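Here the sequence shown is numbered in the working numbering, starting from 301 and rising by one per residue. Built from N, CA and C at the ideal position, the CB exists for glycine as well. As the structure is a computational prediction, the values presented were derived from the model and not from experiment. Below is one structure, written out as structure tokens, with a few remarks after it.
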Amino acid sequence: YGLYNASQESIVNFYDGVISGETAIYGKITSIEDEYEIVSENEGNIEHKFLDKIPLIRNINKTEDNEYYSIQTAIDEADDGDTLELLREYVTISTTDTIANDKTITLDLKGYKIQQNNETLFTNSSILTLKSSVDGGMIESNVGNIVINNGTLNIENVKCHSTITSEIITNNENGLLNITGGEYYSN
């Protein structure tokens, strides 16, 4: 590990530099530089994580102004039926807001990994499809639920993993969950 944060209670503030290792960061990051994201690059078996401000996601249904720095902004500006594609790996921090979906949206991981370090990554109250059109798409939770579903949740060819003993998906009373492929496991 480049950085091993074994405790959910400890505080790690990452404001600049590069962290490298077979697993660059294990555990949660509490705070990063405002308006920046933790970016991941791989060189062989070594992962490098650093801060940068580059687009995270693209709406493939729009031809102009279609790249966004946050998934929430992309969902907010999307129309029902739009498909959003990740452009790179994404790491949330403990203070990242939960992403709320109230539209019919497809989120294609495109083989990238989302490393979740906030309590809940998504709350869904409409129709959310999480898929990976390229092998390797994964959502890894280091803290809590990946999705709290109150609508229709479709998961296609996505690995969902929790590094702690925790629920991965909570499908509430009115929720409909459809799983097609992928792997789902919690430590």
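Query                                                                                                                        : Result
Given 8 Å, three or more beta-carbon pairs between the region 424 to 433 and the region 349 to 363                           : no
Identified DSSP bridge partners for residue 408                                                                              : 385, 431
Beta-carbon gap between residue 443 and residue 419 smaller than 8 Å                                                         : yes
Residues of its chain near residue 459, where Cβ-Cβ distance is below 6 Å and the 5 sequence neighbours each way are ignored : 438, 482, 483
Alpha carbon of residue 393 to alpha carbon of residue 328, nearest angstrom                                                 : 6 Å
Beta-carbon proximity list for residue 487, same chain, < 7 Å, skipping 5 on both sides                                      : 462, 463, 464, 465
Burial state of residue 331, where buried means 16 or more other Cβ atoms lie within 10 Å                                    : exposed
Short Cβ contact (8 Å threshold) for residue 449 with residue 471                                                            : yes
Selected residue, minimal CA-CA separation from residue 408, among 342, 351, 417, 386                                        : 386
Limits of the alpha helix (DSSP H) - the one that residue 371 falls within                                                   : 371 to 377
For residue 357, the three-state DSSP class (helix, strand or coil)                                                          : strand
Assigned exposure category for residue 430 - 16 Cβ within 10 Å defines buried                                                : buried
Selected residue, minimal CA-CA separation from residue 455, among 432, 339, 413, 467                                        : 432
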